[in-house]
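Numbering (the numbering used here), first residue to last: 647 to 939.
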Amino acid sequence: MSNTTPSVPAVSSARDQLSAVVFDWAGTILDFGSCAPMGAFVRLFEQFGITLSIAQARGPMGMAKWDHIQALGRLPEVAAQWQAKYGRPLTDADVDQLYEVFTPLNAAVVPDFCDFIPGALDAIAAVRARGLKVGSTTGYNRPIMEVVSAIAAQGGYVPDNLVCAGDQATGRPTPLMMWQCFADLGICWPATVVKVDDTEVGVQEGLAAGTWAVGLAVSGNAMGLPLAEWQALGPAEQAVRRAAAEARLRAAGAHYVIDSVADLPPVLDAIAVRLARGEQPGGVSAAPGLRSA
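Have a look at this one:
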């Protein structure tokens with residue numbers, strides 16, 4: 647019998663100090679615009695004789711990919727096409743089949759969409775410099791994340807944990823993946839954690855777990871544009887689109903909304919002040935002085 651014991655994470659027990667930041671991946675740390683899954687979803691449904699637009703494919707982003715496919719199949723336009731082609735509604739067994747085809751499709755394209763979002767590595771370094779733990783959750787399953795995380799590690803990003811879609815009984819917007827982060831990171835108090843995400847369900851995941859939630863309006867799915875296309879827009883068009891994306895994330899319950907993770911450090915300062923004076927994430931209103939608050 648081995649005398650070795652598994653390592654146990656240091657437990658963060660202070661209630662009035664930040665302990666960790668949990669980041670999403672695509673659209674948050676890498677893949678500006680969260681573009682990798684979109685073409686894969688469109689091609690997936692094409693293989694089954696169903697026409698799907700990029701805008702439709704984006705709708706459920708942030709959910710586990712099985713749930714995402716099911717949600718797409720329930721869109722009235724998609725459901726009608728499926729009924730016409732196969733003579734019956736889309737079933738869970740059909741979703742299983744679609745999912746099996748989707749995973750290798752997405753894994754094949756995802757290496758082309760693993761560039762870091764500008765400022766992401768500096769933001770992670772700033773989080774580390776505060777002595778905070780770095781957690782991560784994702785709507786990707788583990789086979790896809792084996793590809794993504796290896797590329798990210800080569801670029802210098804290795805979070806303290808990784809919880810993938812499929813690791814828990816349910817994914818976003820439920821809190822189960824966040825709870826797994828708490829266990830992995832030794833976190834006792836959800837209010838000392840900040841969740842950073844570019845999707846509504848990712849924001850809601852943090853809220854459901856009792857954490858602060860920061861939405862990203864420009865770098866991810868809420869905007870849905872590759873970096874070059876975003877930069878090509880004029881200031882007026884950027885402002886209009888930013889406002890629309892921010893409104894979506896605020897409607898989901900985000901305490902703060904910023905353009906990208908590069909803008910996170912001042913938000914952490916603001917949250918730390920509020921936490922120190924006894925404020926909690928549940929039911930708090932936005933602080934003045936930050937567009938993102």
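A virtual CB, placed ideally from N, CA and C, is assigned to each residue, including glycine.
Residue of the options minimising C-alpha distance to residue i
| i | options | result |
| --- | --- | --- |
| Met791 | Phe694, Ala863, Gln884, Lys711 | Lys711 |
| Cys810 | Val793, Ala686, Gln800 | Val793 |
| Tyr786 | Ala772, Thr749, Ala799 | Thr749 |
| Pro819 | Val842, Pro706, Gln850, Arg888 | Gln850 |
| Ser782 | Leu808, Ile763, Ala796 | Leu808 |
| Cys834 | Met684, Ala855, Gly777, Arg923 | Ala855 |
| Val944 | Leu895, Val913, Asp830 | This structure leaves residue 944 out entirely; the chain is present only between 647 and 939. |
| Leu853 | Arg896, Glu883, Trp876, Glu892 | Arg896 |
Cα-Cα separation between residue i and residue j, rounded to whole angstroms
| i | j | result |
| --- | --- | --- |
| Asp813 | Met823 | 8 angstroms |
| Lys779 | Leu767 | 15 angstroms |
| Ile715 | Gly899 | 25 angstroms |
| Gly880 | Leu698 | 29 angstroms |
| Met709 | Ala701 | 16 angstroms |
| Val756 | Gly673 | 13 angstroms |
| Gly929 | Leu921 | At Gly929, the pLDDT of 47 sits below 50, so the modelled position is not reliable and the matter cannot be decided from this model. |
| Glu925 | Tyr902 | 15 angstroms |
| Ala890 | Leu910 | 20 angstroms |
| Ala859 | Phe669 | 10 angstroms |
| Pro805 | Asn867 | 22 angstroms |
| Cys760 | Cys827 | 23 angstroms |
| Leu736 | Ile696 | 12 angstroms |
| Gly719 | Gly705 | 12 angstroms |
| Val688 | Ala682 | 11 angstroms |
| Tyr745 | Asp738 | 10 angstroms |
| Arg923 | Gln729 | 57 angstroms |
| Gln693 | Arg774 | 44 angstroms |
| Ile797 | Pro872 | 19 angstroms |
Under 8 angstroms between C-beta atoms of residue i and residue j
| i | j | result |
| --- | --- | --- |
| Thr857 | Ser665 | no |
| Trp671 | Thr845 | no |
| Asp915 | Ala863 | no |
| Gly861 | Gly679 | no |
| Ala941 | Pro789 | Only positions 647 to 939 of the chain appear in the structure, and residue 941 is not among them; the question remains open. |
| Leu690 | Val747 | yes |
| Val907 | Gly765 | yes |
| Ser865 | Ile763 | yes |
Exposure label - residue i; buried when at least 16 CB within 10 Å
| i | result |
| --- | --- |
| Val654 | Because the pLDDT of Val654 is 44, which lies under 50, any placement of that residue in the model is unreliable, and the number read from its coordinates should be weighed accordingly. With fewer than 16 other Cβ atoms within 10 Å, it is exposed. |
| Asp662 | exposed |
| Pro927 | buried |
| Val886 | exposed |
| Gly817 | buried |
| Ala882 | exposed |
| Ala703 | buried |
| Arg888 | buried |
| Val919 | exposed |
Minimum Cβ-Cβ distance from residue i to chain B less than 8 angstroms
| i | result |
| --- | --- |
| Tyr786 | No chain B is present in this structure, which holds just one protein chain. |
(request) Can you check the region 865 to 921 for any alpha helix (DSSP H) of at least 4 residues that lies completely inside it and give the ranges in chain order? (result) 873 to 878, 881 to 897
(message) Report the start-end ranges of each beta strand (DSSP E) in the region 780 to 806 that is 3 residues or longer and not cut off at the edges.
(response) Qualifying beta strand (DSSP E) stretches: none in this window.
(request) At 4 residues or longer, and completely inside the region 673 to 697: list those alpha helix (DSSP H) runs for me, N to C. (result) 682 to 693
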